[in-house]
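S.K.:
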């Protein structure tokens, strides 16, 4: 066995005396005789390395820095801004998409019909003078733009009880020859008014297929208790006309 070069009589260990000591917090290091005893520790180390590799891979995909390479690059700020902009655009499209806006709750009256008030309009009478529409209440008001509707008008006139007017509103003045034939004493006479700008239909948002008429059943106070978008038979409004009569 060779001795150390400094002549102190110690065995020469090949220069390993120059290596630093192990950290004190490591404690005592025990090297087992059988390497299989280190299998559990080795498996734990491999799991930790795999977790770290997966974490670093996701950080690279998201443009983030690795845990060992320092702070995130500018790409992180761009990713956050892009996500915020996309979310804002989606919410704007959802709000502006047709049919997706929130709708207000409409209070309903008997018969499950919208509860409205008849607008205070002055329409043209048969003599060309202005006639306040509300002065003819209570009434069944038939909006018959471009529709002769002779049978429907006559059915409404015969269904109207005493004291209830039947008012026909058209955009053009009705000539006497275009009116339905009536029998004296068989219900009230029809009142014809002209609404050149179709203000009544527009203000109530009423639409009807061409060649048909719409109708309103209105109390003396102006409350619309029945809206008939497309007038057909008297059965759908006859009970409401009776309510007008009983209400006086």
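Numbering (my numbering), first residue to last: 394 to 641.
Just so it is clear, CB atoms sit at the ideal spot from N, CA and C, and this is done for glycine as well.
1) Does the Cβ-Cβ distance between residue 533 and residue 561 come in under 7 angstroms?
2) For residue 608 versus residue 621, is the C-beta spacing smaller than 7 angstroms?
3) Judging by CA-CA distance, which residue of 557, 512, 582, 601 is the nearest neighbour of residue 539?
4) Of the residues 633, 624, 593, 587, which one's Cα is nearest the Cα of residue 520?
5) Since I believe residue 542 is in contact with residue 624 (beta carbons under 8 angstroms), could you give me their beta-carbon distance rounded to a whole number of angstroms?
6) Taking the straight line between their C-alpha atoms, what separation do you get for residue 449 and residue 480?
7) So, at 8 angstroms on beta carbons, what are the nonlocal neighbours of residue 530 in its own chain, with the 5 sequence-adjacent residues on each side left out?
8) Taking DSSP as the reference, what is the three-state secondary structure of residue 586?
9) If residue 526 sits next to residue 517, beta carbons under 8 angstroms apart, how far is it from one beta carbon to the other, in whole angstroms?
10) Evaluate residue 553 with the Cβ neighbour count: other Cβ atoms within 10 Å of its Cβ, from every protein chain shown; 16 or more gives buried, anything less gives exposed.
11) From 545, 597, 594, pick the residue whose C-alpha is nearest to that of residue 628; which is it?
12) Rounded to the nearest angstrom, what separates residue 477 and residue 438 at their Cα positions?
13) In chain order, what residues of the same chain have a beta carbon less than 7 angstroms from the beta carbon of residue 591, not counting five sequence neighbours either side?
14) Across which residues does DSSP place residue 621 in a beta bridge pair?
15) Which residue comes first and which comes last in the beta strand (DSSP E) that contains residue 520?
16) DSSP three-state call for residue 601: helix, strand or coil?
17) So, under 8 angstroms CB-CB, residue 384 and residue 594 are touching, yes? Tell me the CB distance rounded to an integer number of Å.
18) What residue from 626, 566, 509, 631 has the CA that sits closest to residue 596's CA?
19) Taking Cβ positions, are residue 617 and residue 633 nearer each other than 7 angstroms?
20) Here's the rule I'm using: 16 or more other beta-carbon atoms within 10 Å means buried, otherwise exposed. How should residue 433 be labelled?
21) Rounded to the nearest angstrom, how far is the Cβ of residue 555 from that of residue 638, given a contact under 8 angstroms?
22) Tell me the DSSP bridge mates of residue 516?
23) With residue 357 as the anchor, note down where its alpha helix (DSSP H) starts and where it stops.
24) Using three-state DSSP, classify residue 476 as helix, strand or coil.
25) On a CA-only basis, which of 471, 589, 550 is nearest residue 360? Give me that one, please.
M.R.: From the atom records:
1) Cβ distance not < 7 angstroms, so residue 533 and residue 561 don't count as in contact.
2) Result yes, Cβ atoms of residue 608 and residue 621 sit closer than 7 angstroms.
3) Here the closest residue by C-alpha is 601.
4) Ranking 633, 624, 593, 587 by Cα distance to residue 520 puts 587 first.
5) With 8 angstroms as the limit, residue 624 and residue 542 qualify as a contact, their Cβ atoms being about 7 angstroms apart.
6) Roughly 27 angstroms between the two C-alpha positions.
7) Taking residue 530 as the centre and dropping the five residues before and after it, the same chain places the C-beta of 511, 558, 611, 612, 613, 614, 615 closer than 8 angstroms to its C-beta, in chain order.
8) Three-state result, residue 586: strand.
9) Actually they do not touch by this definition, with Cβ atoms about 11 angstroms apart.
10) Buried.
11) The shortest C-alpha separation from residue 628 is found at 545.
12) Near 39 angstroms, if we compare the C-alpha coordinates of residue 438 and residue 477.
13) So the qualifying residues of the chain are 538, 564.
14) According to DSSP, which records beta bridges pairwise, residue 621 is partnered with 608.
15) Note, residue 520: premise wrong, no beta strand (DSSP E); not H, not E.
16) If DSSP states are grouped into helix, strand and coil, residue 601 belongs with coil.
17) In the structure displayed, the chain extends from 394 to 641; residue 384 sits before or after that span and is not available.
18) Minimum Cα distance to residue 596 is reached at 509.
19) Contact flag unset, no.
20) Exposed, since its Cβ has fewer than 16 Cβ neighbours within 10 Å.
21) Indeed they touch by this definition, with Cβ atoms about 7 angstroms apart.
22) Beta-bridge pairing links residue 516 to 524.
23) Shown here, the chain extends from 394 to 641; a query on residue 357 therefore has no answer.
24) Assignment of residue 476 by DSSP, reduced to helix, strand and coil, places it in the helix class.
25) The first residue shown for the chain is 394 and the last is 641, placing residue 360 beyond what the model contains.
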